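Residue numbers (our numbering): 1 to 576.
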């Protein structure tokens, strides 16, 4: 566990002990604190089940700690974790019932466990919370009465719980570096001797662990490219789910085939004016990307990407051993002149990965002229264009441009997703390409998972076929247009040093600060003020230390104004 986290929890326990003595001396009681929130995708939601380490007393719970005798059944609220004590002898008799509470005389001097012991115990509790493991120890016997537990919960609701939740979320973070590190760690066997060695908990990449100086409920996140709940058509999805189970219960609930739910496949084919044999529907577009890379890219193959580009694309290609050529991204798309020069110097790419509309992370769009030029280079030098297009429907300004798939159906493999137009949790994406290539991808899919989720795809089909998707897209576009205007105005007002181009659609804006600015330092200073962002270096193989990506899809106009005000304050703090 990070030393800073353990020390913070140790300080909080010392304060708790002081409160115990004070409350014991007055014998007071307080109402129970409400349940702590649970961090879910950078938001706080009420918790219906206590997480591991926050076990409420009850008929099936562990024995209550000595020092209090509640008058009736304990209320069903999550209590703060009570640190474990070393187990007693195996045949030790259970403790006798506690005597009635009597206010003792104040102790002459408080005594506390050594800080090392406290930190070690909290490291163990973090492990329990993160992995859901309960150590092989006897009942926890910390002497804290009910009133102290309530005060404990109130005091630590925005500190202890946030730290543990944030650390847990860190381990599940979609950051490629974190996932890579996590895979290299091995968890110890259950029931082993855990006191002799530190836990092998995966550590955060520099700057990834959010500071706990603010409540997570107060954090404004420009980090995640996902829509806020208020612009998701939950009711439309509920109705679509009902229709899916009514109209095709057998198809929705059975194993399918690797090509996806047939009705949705046909709907996508009609949308792109191709035969269904040229479509495969997958569990999200990242799955489609992975299948295509597995099919086309072998170790040592050359691949062209934009600079900057989506971080998970870089990760996937590196893991496959590809030789990656990053070609500079301009405001009108990839620099096709630089690509032509690269090809003229002998580069022989197998694939060029291009995000043509409202690119992630930059928000730029590939111009019509560059689409033609890119296709010409692909024909001349015999490489495939992978047109990765999840944001195409989210244009709120300017004229829609034709897809490269529609311009050359044999040279292009196209990918898109319903995560941005329906909701991220539905996890449905697809590929469109030459029938032979799609058949090869389908064989990989069969060997991977037999079939994708028929339930999800049946729901998406009903949502699309009913016309609900068009209404959903309009809702999302209108909200995004308001939010990007608010973001641009706030940056002009609060951070005139920042340079950026306002996108015509999508979720993201790329921001560049003056040379010499450390966005890594800004990241830390912003986190201390309750603002989350993503450093530009995450999307580059080198350079970009003065850049960052801001996602405006999941924040309201009011949150944008306040978030940029805090970000400007953080910028001033690192510039002074």
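Beta carbons are placed, not taken as given, at the ideal position from N, Cα and C, and that holds for glycine. Computed from a predicted structure; not experimentally measured.
Residues near residue 407 in its chain [Cβ-Cβ closer than 8 Å; skip 5 each side]: Around residue 407, the same chain offers 371, 372, 375 as residues with beta carbons nearer than 8 Å, after the five sequence neighbours per side are excluded.
Alpha-carbon spacing of residue 242 relative to residue 354, whole angstroms: Rounded to whole angstroms, the separation of the alpha carbons of residue 354 and residue 242 is 37 Å.
Residues that DSSP places opposite residue 385 in a beta bridge: Its beta-bridge partners are 352, 412.
Collapsed DSSP secondary structure at residue 458 in the structure displayed: Helix, per DSSP.
Own chain, CB closer than 6 Å to residue 500, minus 5 neighbours either side, in chain order: The residues 509, 511, in chain order, have a CB closer than 6 Å to that of residue 500 in the same chain once the five nearest residues on each side in sequence are set aside.
The segment 441-448 / the segment 392-406 touching (three or more Cβ pairs under 8 Å): By the Cβ criterion, the segment 441-448 is not in contact with the segment 392-406, since fewer than three pairs of Cβ atoms, one from each stretch, lie closer than 8 Å.
Residue 559 classed as buried or exposed, judged by whether at least 16 other C-beta atoms fall within 10 angstroms: Note on residue 559: 16 or more other CB atoms within 10 angstroms of its CB, so buried under the neighbour-count rule.
C-beta atoms of residue 313 and residue 431 nearer than 9 Å: Against a cut-off of 9 Å, the Cβ pair of residue 431 and residue 313 comes out as no contact.
Nearest-angstrom Cβ-Cβ length linking residue 225 and residue 553, presumed shorter than 8 Å: In this structure residue 225 touches residue 553 by the C-beta definition: roughly 6 Å separates them, less than 8 Å.
Burial state of residue 572, where buried means 16 or more other Cβ atoms lie within 10 Å: It is exposed - the Cβ of residue 572 has fewer than 16 other Cβ atoms within 10 Å.
For residue 33, the three-state DSSP class (helix, strand or coil): Only weak support is given to the placement of residue 33: the predicted model assigns it a pLDDT of 33, under 50, and the value that follows is read from those uncertain coordinates. Note: residue 33 maps to coil in three-state DSSP.
Beta-ladder partner(s) of residue 323, from DSSP: Residue pairing of residue 323 in beta bridges, as defined by DSSP: 302.
Local Cβ density within 10 Å of residue 311, reported as buried at 16 or more and exposed below that: The residue in question, residue 311, is buried, as its Cβ has 16 or more Cβ neighbours within 10 Å.
Whole-angstrom C-beta distance between residue 280 and residue 438, which should lie under 8 Å: The beta carbons of residue 438 and residue 280 sit about 5 Å from each other, so the pair counts as a contact at 8 Å.
C-alpha gap between residue 158 and residue 220, whole angstroms: Because the pLDDT of residue 158 is 45, which lies under 50, any placement of that residue in the model is unreliable, and the question is left without a value.
Enclosing beta strand (DSSP E) for residue 508 [first to last residue]: Where residue 508 is concerned, the enclosing beta strand (DSSP E) stretches over 508-512.
Unbroken beta strand (DSSP E) run spanning residue 502, endpoints: For residue 502, there is no enclosing beta strand (DSSP E), since its DSSP letter is neither H nor E.
Residue 533 versus 541, 309, 543, 521, residue with shortest Cα-Cα distance: For the residues 541, 309, 543, 521, the minimum Cα distance to residue 533 belongs to 521.
Best match in 325, 342, 414 for proximity to residue 435 [C-alpha to C-alpha]: Per the Cα distances, 414.
Collapsed DSSP secondary structure at residue 309 in the structure displayed: Here residue 309 sits in coil by DSSP.
Supposed close pair residue 322, residue 301 - CB separation, criterion 8 Å: About 5 Å separates the beta carbon of residue 322 from that of residue 301, a gap short enough to meet the 8 Å contact definition.
Own chain residues within Cβ distance below 7 Å of residue 292, not counting five before or after: Hits under 7 Å: 386, 413, 431, 441.
Range covered by the beta strand (DSSP E) that runs through residue 429: Residues 429-432.
Close-in-space but distant-in-sequence residues of the same chain around residue 294 (CB under 6 Å, 5 per side omitted): Once the five neighbours on either side are set aside, the close Cβ partners of residue 294 are 444.
Residue burial classification, residue 379 (beta-carbon count within 10 angstroms, cutoff 16): By the neighbour-count definition (other C-beta atoms within 10 Å, threshold 16), residue 379 is an exposed residue.
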